[in-house]
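For the sequence shown, the working numbering assigns the number 30 to the initial residue and increments by one for each residue that follows.
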Amino acid sequence: MQSNTPEPGETRKTTLYRLQEARGHPDELRKVIVPRYLDDERFTADPVDVAGIPSLLVHGTISKGVTDWSAVLEKLTSASIEETNCTAAAVLVIPVDEAIFALSYGMGHLLIEPLFIDPGFGLSFAVRAVDPKSVRQVTRTAMLAQPRYERSSVPGGQNIRWYGIEEYGEIVGRITGQLANVELTFNRGRKRRISVAGTDSLKVHLATDPEDLLDDLRRIGKVCAKESPAEELEFIARLRALKPRDPLIPRLNDSLDDLLGGGTEGELALALPLACHDVEEEHQSYRVKIGQRRFTTEEDLSLETILALTQPLPAGRRIKALRDGYIQICADHEGEEPLSRRVKGHLWISADIPMDAHRYFLHEGKWYEIGTAHLETIHNHVKQLLSQAPSISLPLWDPAFTREDAYNDEVARHGQFLLLDKKVLRTTQHPHGVEACDLLGPNGEFIHVKAPTGSGELSHLFRQALTSYDALRYDPEAREELDKLVKATRPGMSVPARPTVIFAIALKSKKKGQPATYRPLTVDTLFTFSQVSLIHTVRVFDLVQVKVEVIDISPQP
């Protein structure tokens with residue numbers, strides 16, 4: 030008979046969490062488990078001993094009964110189908126010295142109370158332990174008004190620099206690679222390469238022998254305690270996370286609460302939590318609980334969905350409503366089959382808030398001070414764009430204008446500019462139409478005009494410019510339609526193959542019940558989200574050798 034007792038040196042790839050705000054007493058360890066699983070008769074929570082350390086083991090089966098597709102197949106085939114969904118889950122909680130670790134098996138991550146998960150623990154280990162020349166996968170988020178997530182993979186691994194990660198405006202949320210000079214049970218005394226993946230959790234081969242396991246956990250803890258990441262991975266840690274008890278956090282939370290109520294000092298955006306990254310594409314519905322509202326929706330989630338729930342709440346209660354609530358991705362239309370754990374509502378929000386001459390960015394529920402190096406890189410790029418002498422002259426925005434079309438009409442009266450605002454080009458590829466630009470300049474420049482009050486409007490402007498150029502470059506029908514439109518008004522005029530793209534911006538501030546005011550367009554007044562979005566847009570146009578200009582048309586004070 031084969032023994033199930035692990036041999037010395039045996040390991041198993043395990044998902045490891047480090048827990049915060051928790052104490053190591055056996056009774057206290059139960060607090061890190063989602064209460065409903067402790068109360069569920071299908072689950073067992075047992076005090077256990079791991080090499081002499083009192084620990085907690087919770088295990089059981091998550092069952093959602095008959096699948097939602099059983100009824101569909103019965104209707105289609107008249108066959109009797111009553112298949113059920115059952116998922117095993119276990120978590121082992123072990124206090125080790127000053128830290129508390131949780132080892133997750135199966136769907137065990139669903140059992141851990143999210144409040145206790147130490148965010149960024151796995152990433153903190155990875156940037157200090159992974160060989161920068163053997164990075165296999167990187168997931169990063171661009172700090173845009175609508176955050177963009179990208180995952181890049183190279184099966185054999187490559188140098189981190191070859192992933193083309195921007196030095197500005199990107200947060201690396203996950204990194205997978207091979208350990209450099211860290212010895213764990215898996216590679217102890219052997220020339221074996223060990224691969225790890227770091228996010229909030231750490232996926233790593235851990236010993237199955239109790240004593241060796243504790244040794245692995247202690248070594249992992251020591252690596253995380255190192256002051257500096259590996260030199261080539263240091264840029265990943267450039268955004269400084271504020272400590273949980275930083276005195277700035279209450280002020281930032283007050284500003285965030287105001288934004289959730291409709292305030293204007295800062296920027297909000299919907300963000301996809303990294304905990305949901307692997308399953309979002311499979312979603313059929315979202316279960317939402319915020320404040321007193323609880324519902325399931327099959328529609329795509331939006332920032333407006335969340336703001337509609339927070340804005341009616343009293344000041345000071347909005348963030349709490351998000352933190353007490355949750356959004357969960359489900360695999361069925363009824364919201365009965367979870368793909369993700371219940372992710373706290375505030376983790377679905379990103380924010381950019383200016384305060385005391387600094388910029389703070391909320392991501393994955395943590396506040397970051399955008400470091401000097403980050404800001405300098407961003408600002409230098411934007412300053413260079415703003416300082417370039419424009420190739421054409423545009424009139425300033427009239428404060429009496431309430432819409433961009435009024436400005437466009439006025440500029441078109443000068444005779445040099447052709448009005449293309451709202452004149453869409455409909456083609457087979459773009460049946461709903463695409464707008465080339467707002468104004469066509471005297472030399473065929475594509476001029477896009479905006480008087481924004483938030484970064485979302487500027488992000489839309491930049492996307493519109495990219496979409497229109499893409500259509501005119503790759504869709505012959507769009508090109509023909511534009512030529513017809515231009516020649517119908519200006520018979521001798523033609524559009525260059527690579528027209529200069531110009532963003533004409535009048536930066537506007539507007540508070541409820543007050544008239545709009547305008548500010549000069551500078552790195553100090555332009556939203557951080559927008560600066561990053563602008564730089565990314567310029568980089569894309571650079572690839573196709575299209576010049577981009579930014580012209581400040583804000584009225585003079």
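Just so you know, even glycine gets a beta-carbon here, dropped at the ideal spot from N, CA and C.
Predicted, not measured: the structure shown is a model, and the values here were computed from it.
D581, enclosing beta strand (DSSP E) - first and last residue: Indexing the sequence shown from 1 puts residue 581 at position 552. Where D581 is concerned, the enclosing beta strand (DSSP E) stretches over V577 to D581.
Member of V478, D147 and V167 whose CA lies at the smallest distance from the CA of V156: Here residue 156 refers to the residue found at position 127 of the sequence shown. Considering only alpha carbons, the answer is V167.
Limits of the beta strand (DSSP E) - the one that D75 falls within: Locating residue 75 in the sequence shown gives position 46, where the first residue counts as 1. DSSP places D75 inside the beta strand (DSSP E), whose first and last residues are F72 to V79.
Candidates A226, V211 and P383: closest to R219 by CA position: In the sequence shown, residue 219 corresponds to position 190, counting from 1. The residue with the shortest Cα to Cα distance from R219 is V211.
Cα-Cα separation between I580 and I531, rounded to whole angstroms: Residue numbering aside, residue 580 sits at position 551 when the sequence shown is read from its first letter. Residue numbering aside, residue 531 sits at position 502 when the sequence shown is read from its first letter. Going from the Cα of I580 to the Cα of I531 covers about 7 Å.
Beta-carbon proximity check, R47 vs F215, cutoff 8 Å: If you number the sequence shown from 1, residue 47 lands on position 18. If you number the sequence shown from 1, residue 215 lands on position 186. Contact flag unset, no.
Check whether Y134 and A119 have beta carbons under 8 Å apart: Along the sequence shown, read from residue 1 onward, the residue named residue 134 stands at position 105. Along the sequence shown, read from residue 1 onward, the residue named residue 119 stands at position 90. In contact: Y134 and A119 (Cβ atoms closer than 8 Å).
Close-in-space but distant-in-sequence residues of the same chain around R322 (CB under 7 Å, 5 per side omitted): Translated into the one-based positions of the sequence shown, residue 322 becomes position 293. Around R322, the same chain offers L338 as residues with beta carbons nearer than 7 Å, after the five sequence neighbours per side are excluded.
T352 to P302 span [Cα, whole Å]: Along the sequence shown, one-based indexing puts residue 352 at 323. Along the sequence shown, one-based indexing puts residue 302 at 273. Per the sequence shown, the amino acid found at residue 352 is Arg instead of Thr. Roughly 14 Å separates the two Cα atoms.
C-beta atoms of P161 and I200 nearer than 8 Å: Translated into positions along the sequence shown, residue 161 becomes position 132. Translated into positions along the sequence shown, residue 200 becomes position 171. No, the Cβ-Cβ distance between P161 and I200 is not below 8 Å.
G94: first and last residue of the uninterrupted beta strand (DSSP E) it sits in: Translated into the one-based positions of the sequence shown, residue 94 becomes position 65. Residues I82 to V95.
Proximity winner among A131, A51, A494 and L404, relative to K232 (alpha-carbon distances): As a working note, residue 232 is residue 203 in the sequence shown. Of A131, A51, A494 and L404, the smallest CA-CA separation from K232 is found for A131.
8 Å Cβ shell around F446 - same chain, five flanking residues per side excluded: Residue mapping note: residue 446 aligns to position 417 of the sequence shown, counting from 1. Result list for F446: V440, L468, L469, G470, P471 and I476, in chain order.
Classification of A174 by the beta-carbon crowding that lies within 10 angstroms, buried from 16 upward: Position 145 of the sequence shown, counted from the start, is the residue given in the question as residue 174. At A174, the pLDDT of 48 sits below 50, so the modelled position is not reliable; the number obtained from the coordinates is stated separately. Answer is buried; the Cβ neighbour count reaches 16.
Residue from L555, S538, T551 and L495 with nearest C-alpha to T293: In the sequence shown, residue 293 corresponds to position 264, counting from 1. When L555, S538, T551 and L495 are compared, the shortest CA-CA separation from T293 is found for S538.
Rounded straight-line distance, which links the Cα of Y315 to that of T326: On the sequence shown, position 297 is the one that residue 326 refers to. On the sequence shown, position 286 is the one that residue 315 refers to. Spanning the two alpha carbons is a distance of roughly 5 Å.
Beta-carbon proximity of T566 to A507, cut-off 8 Å: What you label residue 566 is simply residue 537 of the sequence shown in a count that begins at 1. What you label residue 507 is simply residue 478 of the sequence shown in a count that begins at 1. Cβ atoms of T566 and A507: not closer than 8 Å.
Cut-off 6 Å between Cβ atoms - residues of its own chain near L289, not counting five sequence neighbours on either side: The residue given as residue 289 occupies position 260 in the sequence shown. Excluding five sequence positions before and after L289, the CB atoms of its chain that fall closer than 6 Å to its own CB belong to T339 and R347, given in chain order.
Backbone CA spacing between H138 and R203 [nearest angstrom]: Stepping through the sequence shown from its first residue, residue 138 is reached at position 109. Stepping through the sequence shown from its first residue, residue 203 is reached at position 174. Cα to Cα, H138 sits roughly 17 Å from R203.
DSSP three-state assignment for E327, whether helix, strand or coil: As a working note, residue 327 is residue 298 in the sequence shown. Under the three-state reduction of DSSP, E327 is assigned to coil, being neither helix nor strand.
CB-CB length for V125 against G250, believed under 8 Å: Indexing the sequence shown from 1 puts residue 125 at position 96. Indexing the sequence shown from 1 puts residue 250 at position 221. The Cβ separation is near 7 Å, so the contact holds.
With 16 other Cβ atoms within 10 Å as the buried cut-off, status of N437: In the sequence shown, counting from the first residue as 1, residue 437 sits at position 408. Buried.
Span of the beta strand (DSSP E) around G151: Numbered from its first residue, the sequence shown carries residue 151 at position 122. First-last for G151: F150 to A158, but that is the alpha helix (DSSP H), not the beta strand (DSSP E).
Residue environment, Q458, which counts as buried when at least 16 other CB atoms sit within 10 Å: Start at 1 with the first residue of the sequence shown, and residue 458 comes out as number 429. Looking at its Cβ environment, which holds fewer than 16 other Cβ atoms inside 10 Å, Q458 is exposed.
Beta-carbon contacts of E578 that lie in its chain and below 6 Å, excluding the five residues immediately before and after: In the sequence shown, counting from the first residue as 1, residue 578 sits at position 549. Contacts found: P419 and I531.
For D450 and V372, the rounded distance between their alpha carbons: As a working mapping, residue 372 is identified with position 343 in the sequence shown. As a working mapping, residue 450 is identified with position 421 in the sequence shown. Rounded to whole angstroms, V372 to D450 spans 42 Å at the Cα level.
Where T40 falls: helix, strand or coil (DSSP): For the purposes of this step, residue 40 is taken as residue 11 along the sequence shown, with counting starting at 1. In the displayed model, T40 falls within a strand according to three-state DSSP.
heavy atom of the ligand HEM below 7 Å from G218 C-beta: For the ligand HEM, the structure offers nothing, since it holds no ligand at all.
Buried/exposed call for A380, threshold 16 Cβ in 10 Å: Stepping through the sequence shown from its first residue, residue 380 is reached at position 351. Label assigned to A380: buried.
D238 versus A100: straight-line alpha-carbon distance, rounded: What you label residue 238 is simply residue 209 of the sequence shown in a count that begins at 1. What you label residue 100 is simply residue 71 of the sequence shown in a count that begins at 1. Each residue's Cα considered, the two are about 46 Å apart.
DSSP bridge partner residues for Y315 (one or two, in chain order): Residue 315 sits at position 286 when you count from the first residue of the sequence shown. DSSP output for Y315 lists T326 and I358 as bridge partner(s).
T551 and H234 closer than 8 Å at C-beta: For the purposes of this step, residue 551 is taken as residue 522 along the sequence shown, with counting starting at 1. For the purposes of this step, residue 234 is taken as residue 205 along the sequence shown, with counting starting at 1. In terms of Cβ geometry, T551 and H234 do not form a close pair [threshold 8 Å].
Spatial distance of C305 from I358 (CA atoms): What you label residue 305 is simply residue 276 of the sequence shown in a count that begins at 1. What you label residue 358 is simply residue 329 of the sequence shown in a count that begins at 1. Spanning the alpha carbons of C305 and I358 requires a straight line of approximately 7 Å.
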